[in-house]
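Under my numbering, the first residue of the sequence shown is numbered 13, with each subsequent residue one higher. One structure is given below, encoded as C-alpha cells.
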Amino acid sequence: MKLFFLKMAVFWRRLSGGARRRNERFAQDARRVEALMSRADPQAQWHERANWMIDVAEWVRHESKVSLRDEQAWRQIKHARVAYLLTWLDQHRDVRRTVQMTLQRTLREASGPELFSATGLPFEAAFFSELMERIVTRLLPRHLSPSDLSGLFTAMFPASSDAQWMMELDQDVLARLWKLAGDDGISHLYRQQIDESLIYLSTLVIAEGISPAFRQRLEPKMPLQATPFMVLRRELETYLRGASDNEGALRSLRMLIAVCQAQTDRIYEHLDEHGVSVSLVYRVERMRAQLSRMTYLIDLRVTGQVRAGGRRVQLLLADLIDAHHNRASVKALVRRSFALLARKMVERNHTHGEHYMARDRKAYGAILKAAGCGGAVIAATVLVKTVGVGLGAPYFFQGLFASFNYAASFLLISSIGGVLAAKQPAVTAPALASRMVELDTAEGQHKLMDEIAMLLRSQAAAIFGNVAVVIPAMVAISLLFGWLQGAPLMDAARAQANIDALSPLGATPLFAVLTGVLLWLASLAAGFADNWFALRKLREALAHQRQVVHVLGAVRAQRLAAWLDRNVAMIGGNVALGLLLGMTPVLAQFFGLPINMRHISLVSGTLTAAVSSLGWPVLSTPAFWLAVAGVVLTALLNVGVAFACALGLALRAREVPRRIRRQVFRMVLRRCILSPYGFLFASRTNPIATVQGDEAAPESEGFGLVGTDDDTKGAQRDTAANDRAVKQRRGPHKG
Numbered sequence: 013m014k015l016f017f018l019k020m021a022v023f024w025r026r027l028s029g030g031a032r033r034r035n036e037r038f039a040q041d042a043r044r045v046e047a048l049m050s051r052a053d054p055q056a057q058w059h060e061r062a063n064w065m066i067d068v069a070e071w072v073r074h075e076s077k078v079s080l081r082d083e084q085a086w087r088q089i090k091h092a093r094v095a096y097l098l099t100w101l102d103q104h105r106d107v108r109r110t111v112q113m114t115l116q117r118t119l120r121e122a123s124g125p126e127l128f129s130a131t132g133l134p135f136e137a138a139f140f141s142e143l144m145e146r147i148v149t150r151l152l153p154r155h156l157s158p159s160d161l162s163g164l165f166t167a168m169f170p171a172s173s174d175a176q177w178m179m180e181l182d183q184d185v186l187a188r189l190w191k192l193a194g195d196d197g198i199s200h201l202y203r204q205q206i207d208e209s210l211i212y213l214s215t216l217v218i219a220e221g222i223s224p225a226f227r228q229r230l231e232p233k234m235p236l237q238a239t240p241f242m243v244l245r246r247e248l249e250t251y252l253r254g255a256s257d258n259e260g261a262l263r264s265l266r267m268l269i270a271v272c273q274a275q276t277d278r279i280y281e282h283l284d285e286h287g288v289s290v291s292l293v294y295r296v297e298r299m300r301a302q303l304s305r306m307t308y309l310i311d312l313r314v315t316g317q318v319r320a321g322g323r324r325v326q327l328l329l330a331d332l333i334d335a336h337h338n339r340a341s342v343k344a345l346v347r348r349s350f351a352l353l354a355r356k357m358v359e360r361n362h363t364h365g366e367h368y369m370a371r372d373r374k375a376y377g378a379i380l381k382a383a384g385c386g387g388a389v390i391a392a393t394v395l396v397k398t399v400g401v402g403l404g405a406p407y408f409f410q411g412l413f414a415s416f417n418y419a420a421s422f423l424l425i426s427s428i429g430g431v432l433a434a435k436q437p438a439v440t441a442p443a444l445a446s447r448m449v450e451l452d453t454a455e456g457q458h459k460l461m462d463e464i465a466m467l468l469r470s471q472a473a474a475i476f477g478n479v480a481v482v483i484p485a486m487v488a489i490s491l492l493f494g495w496l497q498g499a500p501l502m503d504a505a506r507a508q509a510n511i512d513a514l515s516p517l518g519a520t521p522l523f524a525v526l527t528g529v530l531l532w533l534a535s536l537a538a539g540f541a542d543n544w545f546a547l548r549k550l551r552e553a554l555a556h557q558r559q560v561v562h563v564l565g566a567v568r569a570q571r572l573a574a575w576l577d578r579n580v581a582m583i584g585g586n587v588a589l590g591l592l593l594g595m596t597p598v599l600a601q602f603f604g605l606p607i608n609m610r611h612i613s614l615v616s617g618t619l620t621a622a623v624s625s626l627g628w629p630v631l632s633t634p635a636f637w638l639a640v641a642g643v644v645l646t647a648l649l650n651v652g653v654a655f656a657c658a659l660g661l662a663l664r665a666r667e668v669p670r671r672i673r674r675q676v677f678r679m680v681l682r683r684c685i686l687s688p689y690g691f692l693f694a695s696r697t698n699p700i701a702t703v704q705g706d707e708a709a710p711e712s713e714g715f716g717l718v719g720t721d722d723d724t725k726g727a728q729r730d731t732a733a734n735d736r737a738v739k740q741r742r743g744p745h746k747g
C-alpha cells in the first residue's frame, strides 16, 4: 500500500510539473508575441518593417539547438505558433489593425516580379560566373534593398526545411493569414506582377532556345519562327491578353511548355552522344528551372485570385524556398552541372576498362606479358631519370625533364600494347560500378563478385609483370652502365638515401596515397580529352581541313582523324600522368613541402638501381628490407587509392544506393576470407561462364555470393527508387 501511494505521488508531481511547464511556455509565448506585435508600425521605414517581419518569422520557425523532438514534432510546434499568433491577434483588435496595416503597406511597396522570376533561379549567363556569384554571396552579407520582396522572403525563410512545414499549413490558417495581410487590391497587384514574371521568364527561355548552341543540337535548319520557343512567346501573349478562363489558350500554353522541356531532353541526348559541355549543361538546367517556374505561376494565375488558390500558393512558396536553398548552394550547382560529364567519363572508362579484365588464365597471361613489356620500358625510364637528376640542373627543370621522361615512357608503353601497374583501377572501377545496378537478382550478385575477383587479379598480374621484368632489367642496365662508365649508376650516399626514403616508417605511405590520387586524376584528364575531342567535332574538322587534306590526301586525313579519335584519351591521360608525377614535387617544393612520388614500378626500379650501386651485401641490412616493405605498401596504396577514387566517382555518377554498397562490401569480405587465391591468380575456367549454369550455383554459394533475402529485397527497393529518382529528374532522357 505504501508503495502504491509513493507511485501516485511521483505521478502527481510529474503531472503537475508538466502542466506547470506548459503554462510557463504559454506565458512565455504570450509575452514574446505581445513584444513582437507591439513593434508593428505602418509609418516606419522599410528596413524597420522588414526586420520586424523577419523577427516574427524567426520566432515561428525557431528550434532548440538541443532537443529530443523529431522534425515532425517541430513542424507541429511551428503550426501551433502560427495558429496561436492569429488567435492572439483576434483577441487584440487594436493591435491586429496595426499589424494588418503594416503588412499591407509592406506588400504594396514591395516589388513582386523579382520574387516570382528571380528567387532561386540561376541568374548568371555562364557557369563560372554563377559559381563565383554563389561563392561571393556565401561570404559577403546581402544588402536588403527597399521594396525588395525577394530578399525579404529569403531572409524570412532561409532554410530548406521551411518548405516542408509551409506545405503542411492548414488551409484555414492560410486563409486567415491572407485575410490578415492581403486584400483585393493587393491580389490584383500581384496578379499583374505574375504576368510580368511570365513575360520575363519566357523572354529568357526564347533567348536560350534560339541561340546557336541550342539550335545546332536541335533543328539547325528550322526557321526561327517555327521553333517551339518562338511559338511559346506568341501563345503566352495570346493567353495573357485573353480571358483567364480561356481553356483552349491555357491548354495550348501548357502543351508548348512541355514541348520546350522535351527539347532540353533532346539536348541531353545529343550531349551524351557527342560530348558534354559544362557550360551548356548549366544553361539547359537554367532553362528547365525557368520552365518549371512558369508552370507554377500559370497554375496560380488560373485561380483568378491569389486567395482562392491556397494550395497553389503553398506549392509556389515551397518551390521558392527550395529553389532559393539550391540557388545558394555551391555544392548543388557543381554537382548538377558536372553530373552528366562525370557520367560520360564513367561510361568511357567503363568501355576502356573492359580490356583490362583477366577473365581466365589466357587473359591473365596476356596481362602478365603486357606488364612485362611495360616493366622493360620502366627500367629505361628509371635510367633516364637517374642520369637526369645527376646532371644537377635547377629543380624546376629537373621536374620538367622528369615529366617529359614519364610522358614519353607511358606513351611508348601504350603504343606497344604494354601495361603500367596501378593505372588500371581508374578505368576498371567504372566497369565494376556498372554491375552494381544489377544486384536485384542472384545472377547479378554472382557476376559482380566475379568482376571484383577479375579486377583484383588484373591489378595483381600488372604488378607482378612490371616488377618481374623491371628488377632484372634494372640489374642488367646497372651492370652495363658500370662497365661502360667505370662507376656505379648512383654514388653510395645517393643510393643509401634512396633506400632509406622507401621505408614505410617514413613518408612513403603518404606519398603512395598521393600517387594513387594522381593516377585517378590522370584518368579524369583522359576522360576530359576524349569528351573535348568529341564536343569540338575535331574528327570531322581534321578529316576535311584544307591544309591537312592538301598535305596528306583525303584518305590519309580521314585515317589520321580516326586514329586521333580512338587514341586521344590515351594520349591525354598519359601526358597528364607524366606532368602530374613530374611537376607535383616541384610545385610542392615551391611551398616548402618535401613531397615526392611513389609509384610501384618506378620505386621498384629505383630500389634495384640503388642496390646494384651499393653491392649485394646491402641485401642483409635492415634498411633494405624496410625498403622492400615500403615497396609492397606502395603497391597496395597505389591500387587501393586509385580504385577507391574512381569507384566513388562511378558510384555517384550511377547513383548506386548506400545499402547496395554495404551489401557488396560484406559479400567481398566473405569471399576474400573463404577464397583469397581467386583474388591473386587466374582460375582454369571463365568464372562468368561457370556461374551461368545451374551446376555452379551450389559451389558459388559457398563463397557467399548471394546475400540474405532481406539484403536482396532491400537492394531491389533501392534500385527501383533510384531509377524513379533519375527518371523524375531527367524526364524521358536516358542517362
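We put the CB at the ideal spot given by N, CA and C, even for glycine.
Under 8 Å between the Cβ atoms of R469 and Y407? Not closer than 8 Å, so no.
Among the candidates A335, K233, L98, whose CA atom is the shortest distance from the CA of S172? Of A335, K233, L98, the smallest CA-CA separation from S172 is found for A335.
Proximity winner among V643, A537, R571, W100, relative to A553 (alpha-carbon distances): Ranking the options by Cα distance to A553, first place goes to R571.
Within 10 Å of its beta-carbon, does P158 have 16 or more other beta-carbons around it, so buried, or fewer, so exposed? Sixteen is the threshold: since fewer than 16 other Cβ atoms of the shown chains lie within 10 Å of the Cβ of P158, the residue is exposed.
Quick one: Cα of S289 to Cα of V481, how far? When the Cα atoms are used, S289 and V481 turn out to be separated by approximately 43 Å.
Does the distance from the C-beta atom of V342 to that of L592 stay below 8 Å? Cβ atoms of V342 and L592: not closer than 8 Å.
Short check: CB of I483 to CB of S616, under 8 Å? A contact, by the Cβ cut-off of 8 Å.
Under the assumption that L614 contacts V623 (Cβ atoms under 8 Å), give the Cβ distance between them as a whole number of angstroms. L614 to V623, Cβ: 15 Å. No contact.
Taking the alpha-carbon positions, what's the F422 to G528 distance? C-alpha separation (whole angstroms): 16 Å.
Tell me, please, which residues DSSP counts as bridged to S123. For S123, which the question treats as bridged, DSSP gives the partners D160.
Helix, strand or coil for P606 per DSSP? In the structure shown, P606 sits in coil (DSSP, three-state: anything other than H, G, I, E or B).
Take A473 as the anchor and find which of G411, G400, K381 has the nearest alpha-carbon. Minimum Cα distance to A473 is reached at K381.
Does DSSP put A187 in a helix, a strand or coil? Annotated three-state conformation of A187 is helix, per DSSP.
Taking just the CA atoms, how far does R81 sit from M20? Between the alpha carbons of M20 and R81 lies a gap of roughly 27 Å.
For P710, count the other beta carbons within 10 Å of its own beta carbon; 16 or more makes it buried, fewer makes it exposed. Which is it? The predicted model places P710 with a pLDDT of 32, which falls under 50 and marks its position as unreliable, so this point remains unresolved.
Quick check on V482: does DSSP put it in helix, strand or coil? If DSSP states are grouped into helix, strand and coil, V482 belongs with the helices.
Proximity below 8 Å, CB of A52 to CB of V111: For A52 and V111, yes; Cβs fall inside 8 Å.
Within the same chain, show all residues whose beta-carbon is closer than 8 Å to that of T393, passing over the 5 residues directly before and after it, in chain order. Excluding residues within five positions, the ones whose Cβ falls inside 8 Å are N417, Y418, S421, L614, G617.
Among T596, L626, S415, which has the Cα closest to the Cα of D500? A small fix is needed here, since residue 500 is Pro in this sequence, not Asp. The residue with the shortest Cα to Cα distance from P500 is L626.
Would you mind stating whether T633 and M486 have Cβ atoms separated by less than 8 Å? With contacts defined by Cβ atoms closer than 8 Å, T633 and M486 do not form a contacting pair.
Thinking C-alpha only, which one of L403, L303, L492 is nearest A391? Closest option to A391, judged by alpha-carbon separation, among L403, L303, L492: L492.
Check each candidate in M582, V680, E220 and name the one with the smallest Cα separation from A301. Nearest of M582, V680, E220 to A301, Cα basis: E220.
Mark G260 as exposed unless 16 or more other C-beta atoms lie within 10 angstroms of its C-beta, in which case mark it buried. For G260, the number of other beta carbons within 10 angstroms of its own is below 16, and it is reported as exposed.
Are the CB atoms of L514 and V346 nearer to each other than 8 Å? No.
Exposed or buried, what is A701 when buried is set at 16 or more other beta-carbons lying within 10 Å of its beta-carbon? With a pLDDT of 39 at A701, under the threshold of 50, the predicted position of this residue should be treated as unreliable, though the coordinate-derived value follows. The C-beta of A701 has fewer than 16 other C-beta atoms within 10 Å across all chains shown, which makes the residue exposed.
Report the rounded CA-to-CA distance for M595 versus N586, giving the unit in angstroms. A direct Cα-to-Cα measurement between M595 and N586 gives close to 14 Å.
Burial state of V293, where buried means 16 or more other Cβ atoms lie within 10 Å: Classification of V293: buried, given that the 10 Å Cβ count is 16 or more.
Which residue wins for smallest C-alpha separation from L312, given the options G411, Q204, G132, R117? Put simply, of G411, Q204, G132, R117 the residue whose alpha carbon is nearest the alpha carbon of L312 is Q204.
For S223, the first and last residue of its enclosing alpha helix (DSSP H): Segment: none, S223 is in no alpha helix (DSSP H) and carries neither H nor E.
Secondary structure of Q570, DSSP reduced to three states: Correct three-state label for Q570: helix.
Best match in R568, F545, R263 for proximity to A555 [C-alpha to C-alpha]: Nearest C-alpha to A555: R568.
Of all the options S427, A388, W177, which has the alpha carbon lying nearest to the alpha carbon of D331? Taking only the C-alpha atoms, the option nearest D331 is W177.
Of the choices A519, A137, G411, whose alpha-carbon is the least far from that of V396? Of A519, A137, G411, the smallest CA-CA separation from V396 is found for G411.
Simplified DSSP assignment, three categories, for N258: DSSP places N258 outside both helix and strand once states are collapsed to three, so it counts as coil.
Between the C-alpha atoms of R278 and Q557, what's the straight-line distance to the nearest angstrom? Straight-line Cα distance between these residues: approximately 29 Å.
Quick check: the segment 422–431 against the segment 596–605, are at least 3 beta-carbon pairs closer than 8 Å? No, they do not touch.
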